[in-house]
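In the numbering used here, the protein residues as written are 425 to 743.
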């Protein structure tokens with residue numbers, strides 16, 4: 425059996441990413457009910473909102489689900505208390521040091537994964553006692569690592585370094601990409617951008633349409649001086665580029681970013697003033713579908729491509 429699925433009690437080695445403003449209980453439960461791991465993105469939620477989403481998710485599925493927990497969240501202690509009280513089975517930590525909380529979660533019977541962008545931090549996460557590492561490449565949407573290591577390079581490097589299950593993330597939205605990631609050594613994949621364009625995603629419909637319209641080169645990793653983030657081209661992204669051209673310092677960039685831009689763009693649909701976070705793979709997404717159908721499509725393509733690799737002579741080389 426796949427060791428990731430065995431560790432987390434899942435049918436399929438697919439994790440729906442816990443994306444800010446996009447990963448609600450509806451999406452999480454739909455993915456979990458289809459055999460993947462659904463994830464509630466708590467980074468955009470006040471504690472009372474997170475509790476509502478946890479309770480609704482538990483009512484909508486009897487399968488494992490997770491909460492993504494950015495460790496830099498100001499009310500992280502309140503979120504942790506809710507996760508423990510409501511016996512959330514899996515937590516995915518990110519944006520911080522997992523050592524502080526992993527032992528506490530595991531003492532409560534909660535499985536822990538941690539998101540990293542480098543071999544160095546993958547090793548630190550394993551040393552902290554996590555049950556799996558999610559290694560996220562440069563292609564990923566949202567907040568990312570400064571190293572700009574692509575998934576193709578990151579996954580085999582991390583695989584050589586750690587023993588716990590490895591989840592590949594960044595630039596994965598299809599069964600073919602899932603197969604490639606697992607060939608590189610991943611035990612599972614985490615998929616974010618594809619699920620933004622799902623019916624259950626809490627992203628605004630105008631943001632979903634912008635994702636469908638995205639073309640090659642329409643995203644850029646920027647704002648490294650603050651927190652690196654991959655943005656879809658738009659008014660705010662253009663303003664950021666102009667700020668760099670004017671040699672803006674960190675304080676000026678922070679002022680430009682302000683507060684609430686991600687909510688404004690992704691959740692409220694203000695494409696002019698909002699921050700639009702999405703991965704490079706957006707250029708290959710052309711349809712909004714139910715989450716369950718997305719999972720099935722990925723799994724079907726995975727098996728078709730796997731069988732092609734086993735049968736087609738175009739993968740054989742003359743000696």
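Beta carbons are placed, not taken as given, at the ideal position from N, Cα and C, and that holds for glycine. Computed from a prediction, not measured in an experiment: that's the story for all the values here.
DSSP beta-bridge partners of residue i
i	result
residue 690	Bridge partners of residue 690: none, in fact.
residue 646	653
residue 489	462
residue 593	560, 614
residue 567	653
residue 514	490, 535
Selected residue, minimal CA-CA separation from residue i, among the options
i	options	result
residue 553	620, 486, 523	523
residue 555	539, 564, 566	539
residue 434	606, 487, 506	487
residue 594	629, 577, 526, 583	577
residue 692	437, 444, 427	444
residue 561	705, 733, 573, 598	573
residue 727	500, 441, 647, 606	606
residue 582	557, 608, 600, 543	543
residue 541	447, 568, 531	568
residue 723	489, 439, 686	439
residue 454	592, 622, 645	622
residue 674	459, 641, 529, 650	650
residue 600	534, 721, 460, 470	721
residue 498	609, 547, 471	471
Where residue i falls: helix, strand or coil (DSSP)
i	result
residue 683	coil
residue 614	strand
residue 655	strand
residue 503	helix
residue 586	coil
residue 603	helix
residue 628	coil
residue 562	coil
residue 556	strand
residue 496	coil
residue 622	strand
At a cut of 8 Å, does the segment 609-624 reach the segment 671-687 through at least three beta carbon pairs? no
What beta strand (DSSP E) runs, 3 residues minimum, are completely inside the segment 517-550? 535-540
In chain order, what are the residue ranges of uninterrupted alpha helix (DSSP H) at least 4 long that sit wholly in the segment 697-737? Complete alpha helix (DSSP H) runs here, min 4: 715-735.
Quick check: the segment 653-668 against the segment 478-485, are at least 3 beta-carbon pairs closer than 8 Å? no
At what residue ranges does the segment 429-453 contain a whole run of the beta strand (DSSP E), taking only runs of 3 or more? 438-440
For the 8 Å Cβ check, are there 3 or more pairs between the segment 493-506 and the segment 456-475? yes
How do the segment 693-700 and the segment 444-464 stand: do at least 3 beta-carbon pairs fall below 8 Å, yes or no? no
Do the segment 634-642 and the segment 544-551 touch if we need at least three Cβ pairs shorter than 8 Å? no
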